[in-house]
Structures are given as C-alpha cells and as structure tokens.
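Protein sequence lines, in the order shown, are assigned to chains S and R. Counting in numbering that gives the first Met the number 0, the first sequence runs from 0 upward without gaps. Counting in numbering that gives the first Met the number 0, the second sequence runs from 0 upward without gaps. Glycine included, each C-beta is placed from N, C-alpha and C at the ideal position. Note that the structure is predicted; figures quoted are calculated from it, not measured.
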Amino acid sequence: MGVDWKHKTIRACIGLGLGLGMSAMLATGAAAEGLVKYEVVDDGVPQSLTGKPGDAERGRKVIINRKQGNCLACHAISVLASEPFHGEIGPSLDGVAERYSEAQLRLILINAKAVFPDTIMPAFYRNDGFTRVMKKFRGKTILTAQQVEDVLAFLKALK
Amino acid sequence: MGLRKMGPNKRNLAVGAVMALMTLGLGVAAQAQEMIRRIDNPPPGHPLPEIISGYEFRAPETQALQDDDFDNPGFLWVEQGEELWDEAEGKAGKSCADCHGDPAESMKTAGAEYPKWNEKLGKPINLEARINLCRTENMQAKPWKLESEQMLSMTSFVRTQARGVPVKVQIDGPMKPFFEKGKKLYYTRMGQLDMACANCHEDNYGKRIRSDMLSQGQINGFPTYRLKWQKVGSIHRRFKGCMKQVRAEPFKPGSDEFTALELYVAYRGTGLSVEAPAVRQ
C-alpha cells in the first residue's frame, strides 16, 4: 500500500480570507471558510497547522474517540491494544512513522484523498466539496487544526 | 397460528409435529426447502463477484436466534400481522383476507418482487406503499404510518409468506430510470465522512469496521429484528441509519430516492432467498 506519487505535484493554498482566486485549486472551487491556511509541498504539508507542537496524549484520545478520529474503526494500533475492537478496513498503523515523514502524515490526515485518491478514509481537515452533509456538520471539519497536530504527535511515535 | 401461513422453519415443524399425522407430507416438504444464502456465480453484469446474505456475516448466536422461529423475536410482529390480516377496517368494511384470501397462496411471491412497477402512479413502489394503497383505495382506510407497529407487523407477515423465494425485481422497461437512479445513489459519496454505500458494502464486506463485520448490505432479511433497536425495522430505517453514520442528511423514509435505492439494492441481492424476519445485532 504505497503513496500514489503522481499526486506529489499538488500545490494548494487554502486560506482563511486568503486568495479566493486560489480556491479554484480546490476540487470544488468553494471557499473553504474558517480553515487554517496550509501549503502542500511535494507530497506533504511541512508546516504545522497551529505553529504549536501537538500533544500525543490528547492525540491518543482523539484517535480512540468515536465522534472524533475514530481511527480504530478502520485501523489496528498495537500500542492501543487495551482499547476494544480495532477494525480491518485500513492497514495497521504500527510503524507508520517509518513509512512516512511528518509532512506526509499531515497531508494524509488533512485529506487522505490527496494521497490515496479512491480511499474510504475521511478527510479530517476539510470542510467543503461534500454532498448532503447533515446540518450540524455543514461547513465544519471533522477535527480541529490542533487535533490534527495532536494525532500527528501520536503517530510520530509509532516507529 | 395456521400452519398454512408459515414458511419453512422450526415453528412450522413444531406445529407440524402436533399435527404430524395430518400434515406429514407438508412438514417434510417444508423442512426440505433450502435457504439460498450465497450465490457464487452472479448473472453477467452484476457488480459483485459473489452474492451473500447478511446472515452469513453474523455471529453464531445471532444466527441461532434467527433460525428458531420460537426464539426469533421478529415473530411477534409476524403474529401481529397475521391478526391484522383478518381485521376489517375502513369505510369499505373489508379485511385483507376478504380480497386476498389465504396469504400463503396470494402472498407467496410478492415479498420477493418489490419494489414493483405501479402503472397508475407511473413509478415503482415498495411493499409498504403497496399495502397503504390497498388501505386507502381498496379498504378506504387511513394509510399506516411508516415504521408504525401495524406497518411493521404487516410487512413482516407478508414477507414471511415468501420465505425461501429467491429475490427477483424487475429492472428493465419503465423500471430502468429508477434503477439507474438507485445505482447512482449507491455509488455517490455522501456526508462529512464522504462515503458511498459501495465503499463499505462492496469494497469492504467481510472486514471488521470496529466491532461490526461488514456485510454486503443486502435487504433479503427485512423487516429485520435488531437487538440494538429492540424491535423490527424497515429497509428505509436501515438506509437512514447508514446515511447518518457518515454524517449525511438522510432521505425521507418512503421517498422516491429511498425507493430507487431499495430497488437497486434488491437487485444486488438477486437470487437470495427472502428470509424475513432476520435477526441482527
């Protein structure tokens, strides 16, 4: 299961109050209001979304929480073996930090489809381009920018 | 509980045991009827390499609950439906039985053939809609609310008459555009999680999503008793639940969208035996 490298040419600059003209680069062209600006360089997002380091302990909670990351719905993670029911839809995340750089992992979390085009994995930091979103989730991302950084801090330790 | 009204199963056989001397032949015939739960060579053009009933993906305890008509909690609704069958209602003063007689005969296959084309409405209708048409037009009675005890009971009863009959819905002729609409919905990613029915039920059946083993999302077992619901529920209720799970605004139960989707999903289960009322976790 490798990265589809043809996507490494993606360059996006999605920003709050920044360059509506650039939103044409989004698949939908809709303005992505409220999103922290980030830049895709090659096949990753090198800059932190918050400028602050993530907290791995908080990240662990986000990963387990069924209303937040719910990563265990699809992935097994051995260090979380005490949590019941790890899914089998995606690969085990054991050792994932050896397979991907921090920047690559950040992009996978922000929008997995930029890396695996037909994936079932949700985009955790995207808020548009969807169909029939339930009212209470409309215009919102699944995770906040800080939660993305927190999950990332947890993943970075999976070596 | 009339033996004539029941499909093949242990309830039938137990009742049959009491009446063994009289109905020996019937009891044996019923027992011999096999449920088709897996088709290894789907017809050409079918999207799945194999067609598998949801039953096959469930835990043995859940399967056992379904297998035994006495333990199967869904039979409470089947029995209520049997009572309603004979009750006259509405201005016409008629019961279902007055027009349809013995349900084991008149309803032997209907449960395997819906959604079906309705010439007057110019669109396919599902079993619930068909029953409500009989209530409003033939009985001059009020339609039952979808998901009401009465509707769940009657659909459970009618579908149980078709137990063992292979699902076969019409998809050509006037049904074609509705079939295509349902197919499109099935493959459209929806909601904040941006997933289509196919992402779970075609690409990933047989794998666990958290604790749940994903099935093909077939509907041959509906109405289905869900332990989680503590009652039977309709096909559209399940569709609604699956859409909410991906944070999508569900279509309305009974809507043309859900009926088109039901038609397409029924087609995906072509050849599976009707096995209502199924039991699920």
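Minimum Cβ-Cβ distance from residue i to chain R less than 8 angstroms
{"i": "residue 142 of chain S", "result": "no"}
{"i": "residue 132 of chain S", "result": "yes"}
{"i": "residue 88 of chain S", "result": "yes"}
{"i": "residue 116 of chain S", "result": "no"}
{"i": "residue 63 of chain S", "result": "no"}
{"i": "residue 3 of chain S", "result": "Residue placement at residue 3 of chain S is flagged as unreliable, the pLDDT there being 38, under the threshold of 50; a coordinate-derived value is accordingly withheld."}
Under 9 angstroms by beta carbon: chain S residues contacting residue i
{"i": "residue 275 of chain R", "result": "By Cβ distance, chain S contributes nothing, its closest Cβ being about 29 angstroms from residue 275 of chain R, past 9 angstroms."}
{"i": "residue 180 of chain R", "result": "Neighbours of residue 180 of chain R on chain S: none; closest Cβ ~15 angstroms, over 9 angstroms."}
Local Cβ density within 10 Å of residue i, reported as buried at 16 or more and exposed below that
{"i": "residue 249 of chain R", "result": "buried"}
{"i": "residue 130 of chain S", "result": "exposed"}
{"i": "residue 60 of chain R", "result": "exposed"}
{"i": "residue 114 of chain R", "result": "buried"}
{"i": "residue 78 of chain S", "result": "exposed"}
{"i": "residue 19 of chain S", "result": "Below a pLDDT of 50, predicted positions are generally treated as unreliable, and residue 19 of chain S, at 32, falls in that range; no measurement from the model is reported."}
{"i": "residue 123 of chain R", "result": "buried"}
{"i": "residue 233 of chain R", "result": "buried"}
{"i": "residue 221 of chain R", "result": "buried"}
{"i": "residue 214 of chain R", "result": "buried"}
{"i": "residue 103 of chain S", "result": "buried"}
{"i": "residue 101 of chain R", "result": "exposed"}
{"i": "residue 135 of chain R", "result": "exposed"}
{"i": "residue 124 of chain S", "result": "buried"}
{"i": "residue 226 of chain R", "result": "exposed"}
{"i": "residue 26 of chain S", "result": "Reliability fails at residue 26 of chain S, whose pLDDT of 34 lies under 50, so the model's placement of it is uncertain and no value is given."}
{"i": "residue 162 of chain R", "result": "buried"}
{"i": "residue 42 of chain S", "result": "buried"}
{"i": "residue 83 of chain S", "result": "exposed"}
{"i": "residue 275 of chain R", "result": "buried"}
{"i": "residue 152 of chain R", "result": "buried"}
Interface partners of residue i on chain R, CB under 8 angstroms
{"i": "residue 71 of chain S", "result": "209"}
{"i": "residue 122 of chain S", "result": "193"}
Proximity test, Cβ basis, 8 angstroms: residue i and chain S
{"i": "residue 110 of chain R", "result": "no"}
{"i": "residue 192 of chain R", "result": "yes"}
{"i": "residue 246 of chain R", "result": "yes"}
{"i": "residue 251 of chain R", "result": "no"}
{"i": "residue 187 of chain R", "result": "yes"}
{"i": "residue 183 of chain R", "result": "no"}
{"i": "residue 281 of chain R", "result": "Look at the range of chain R in this structure, 0 to 280, and you will see that residue 281 of chain R is not part of it."}
{"i": "residue 243 of chain R", "result": "yes"}
Inter-residue CB distance, residue i and residue j (contact presumed, cutoff 8 angstroms)
{"i": "residue 76 of chain R", "j": "residue 155 of chain R", "result": "4 angstroms"}
{"i": "residue 53 of chain S", "j": "residue 149 of chain S", "result": "4 angstroms"}
{"i": "residue 281 of chain R", "j": "residue 88 of chain S", "result": "No answer is possible for residue 281 of chain R: the residues shown for chain R start at 0 and end at 280."}
{"i": "residue 292 of chain R", "j": "residue 133 of chain S", "result": "What is shown of chain R runs 0 to 280, which leaves residue 292 of chain R out entirely."}
{"i": "residue 181 of chain R", "j": "residue 120 of chain R", "result": "Incorrect: roughly 17 angstroms between the Cβ atoms, too far for contact."}
{"i": "residue 105 of chain S", "j": "residue 44 of chain S", "result": "4 angstroms"}
{"i": "residue 198 of chain R", "j": "residue 272 of chain R", "result": "Their Cβ separation, rounded to whole angstroms, is 27 angstroms, which puts residue 198 of chain R and residue 272 of chain R out of contact at 8 angstroms."}
{"i": "residue 90 of chain R", "j": "residue 139 of chain R", "result": "4 angstroms"}
{"i": "residue 168 of chain R", "j": "residue 265 of chain R", "result": "5 angstroms"}
{"i": "residue 270 of chain R", "j": "residue 166 of chain R", "result": "7 angstroms"}
{"i": "residue 90 of chain S", "j": "residue 193 of chain R", "result": "Actually they do not touch by this definition, with Cβ atoms about 20 angstroms apart."}
{"i": "residue 158 of chain S", "j": "residue 94 of chain S", "result": "6 angstroms"}
{"i": "residue 93 of chain R", "j": "residue 137 of chain R", "result": "7 angstroms"}
Partners in chain R for residue i, counting only beta-carbon separations shorter than 7 angstroms
{"i": "residue 129 of chain S", "result": "190, 191 and 193"}
Residues that residue i contacts on chain R, provided the C-beta gap is smaller than 9 angstroms
{"i": "residue 153 of chain S", "result": "Ordered by position in chain R, no residue passes the 9 angstroms Cβ test against residue 153 of chain S, which lies about 19 angstroms from the chain."}
Contact list for residue i against chain S, beta-carbon separation under 8 angstroms
{"i": "residue 198 of chain R", "result": "119"}
If contact means a Cβ-Cβ distance below 7 angstroms, which residues of the region 39-57 of chain S contact chain R? none
Using a Cβ-Cβ cut-off of less than 7 angstroms, give me the residues of the region 201-225 of chain R that come near chain S, in sequence order. 202, 203, 206, 207, 208, 209 and 210
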